[in-house]
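Inspection log for the structure reproduced underneath, given as structure tokens.
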Amino acid sequence: MGLIKRLFGRSPARIPDPLWNKALADMPFLARLQDEELRRLRDLSSRFLATHAIGGAGGFTVTDDIALSIAAQASLPVLNLTLDLYRDMAGIIVYPSAFIVRHSEIDDAGVVHEWDAPMAGEALDAGGAVVLSWEDALEDHAWDDGGNLVIHEFVHKIDMGNGGANGCPPFIAEFHRGIALARWTSVFSAAYDDFCRRVDQLESQLPPDFDEDNDSHLERYAALAAALPMDPYGAENPAEFFAVASEAFFTRPEGLAKAYGQVLELLEKYYLQQAIRPA
Ligand SMILES: [Zn+2]
């Protein structure tokens with residue numbers, strides 16, 4: 026707890042070597058960064074910790090390790106941009122595991138449906154917090170399968186910088202002169218449509234009585250999903266596509282590079298970072 030207390034609300038303190046080295050060992054996807062980039066990521070993480078409160082909920086204690094892990098993953102997408110992209114954020118709330126959120130929807134007949142669903146992460150709009158399940162965040166590190174919950178939620182925050190999350194983040198004159206909005210829209214729309222087709226095709230190969238509590242059904246789903254360029258959750262809507270493509274960009278971009286090379290190029294131009302391309 027010491028580091029968080031020391032850092033929060035004060036000028037950034039240097040992150041101690043053992044803590045930083047452990048963070049690097051825990052997050053193998055950071056290994057692609059050059060020494061100079063890692064130095065800047067360390068500084069940025071320290072500034073992030075000095076300016077954002079990270080609190081536990083549901084009885085969870087946020088240790089220094091956890092706070093630094095979140096700060097480093099949040100800082101990665103903005104490494105060559107600016108932390109100002111997270112200016113509009115109340116803080117970060119961390120639950121030990123999936124948390125229950127009440128959802129509601131009005132159907133075509135005007136009837137309101139309400140249901141509770143467990144969530145692994147959530148980025149709240151309009152200056153709200155980022156909420157994470159640490160169990161789910163940690164699983165992503167261990168699997169190294171191209172998924173990354175923490176990056177995902179912070180990318181939603183970036184996306185929200187010009188209104189709600191819609192898959193088109195704010196373009197900042199200082200960094201993004203080389204990106205034309207029309208090109209972003211057409212490349213992402215085409216890739217999203219194609220990805221939805223691939224996911225529809227995957228779903229057509231599932232047992233008709235598909236049950237997510239059935240292990241053999243889940244294995245079948247995982248085997249089919251492994252052939253996709255990225256997590257099928259990206260077919261949910263364009264905002265999720267952008268967040269899931271960004272997860273893959275920062276952790277395991279091979280599938281993205283093969284299927285959607287133009288998306289990868291635009292993400293490189295947006296984040297001003299080079300993805301590792303397949304040999
Ligand atoms: Zn999402």
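The numbering of the sequence shown is our numbering, which starts it at 26 and goes up by one.
Positions of the beta carbon are idealized from the N, C-alpha and C atoms, including for glycine.
Residue i - DSSP class collapsed to helix/strand/coil
| i | result |
| --- | --- |
| Y296 | helix |
| E139 | strand |
| F235 | coil |
| Y285 | coil |
| Q226 | helix |
| L58 | coil |
| L251 | The displayed chain sequence assigns Ala, not Leu, to residue 251. Three-state result, A251: coil. |
| N46 | helix |
| A38 | coil |
| R277 | coil |
| P256 | Reading off the sequence shown, one finds Asp at residue 256, where the question assumed Pro. Coil at D256, not helix or strand. |
| E265 | helix |
Residue i CB to nearest heavy atom of ligand 1 below 7 Å
| i | result |
| --- | --- |
| H242 | no |
| H177 | yes |
| E164 | no |
| A268 | yes |
| H128 | no |
| E265 | yes |
| H77 | no |
| H181 | yes |
Integer Cβ distance of residue i from residue j, believed to fall under 8 Å
| i | j | result |
| --- | --- | --- |
| T276 | N173 | 5 Å |
| D150 | G189 | 6 Å |
| P263 | Y217 | 5 Å |
| L108 | F73 | 6 Å |
| H388 | A268 | Here the chain comprises residues numbered 26 to 304, so residue 388 is not present and cannot be evaluated. |
| P121 | F85 | 4 Å |
| V180 | I118 | Not quite, the Cβ-Cβ distance comes to about 18 Å (not below 8 Å), so this is no contact. |
| V175 | A154 | Not quite, the Cβ-Cβ distance comes to about 14 Å (not below 8 Å), so this is no contact. |
| P143 | A123 | 4 Å |
| A251 | P278 | Going by Cβ atoms, the distance from A251 to P278 rounds to 16 Å, so no, they are not a contact pair. |
| P102 | S271 | 7 Å |
| I204 | L110 | Rounded, the Cβ-Cβ distance is 15 Å, inconsistent with contact. |
| S71 | R39 | 7 Å |
| L106 | L66 | Going by Cβ atoms, the distance from L106 to L66 rounds to 13 Å, so no, they are not a contact pair. |
Closer than 7 Å: residue i CB and nearest ligand 2 heavy atom
| i | result |
| --- | --- |
| A38 | Here the bound small molecules are ligand 1; ligand 2 is not part of this structure. |
Chain C contact for residue i (CB, 8 Å cutoff)
| i | result |
| --- | --- |
| K182 | Considering every chain present, this structure includes no chain C. It has just one protein chain. |
Inset, instruction - Please specify which runs of the beta strand (DSSP E), each continuous and at least 3 residues long, are wholly inside the stretch 145-212, giving them in chain order. - result: 146-148, 155-158
Legend entry - Whole runs of the alpha helix (DSSP H) within the stretch 75-134, excluding any shorter than 4 residues: 89-100
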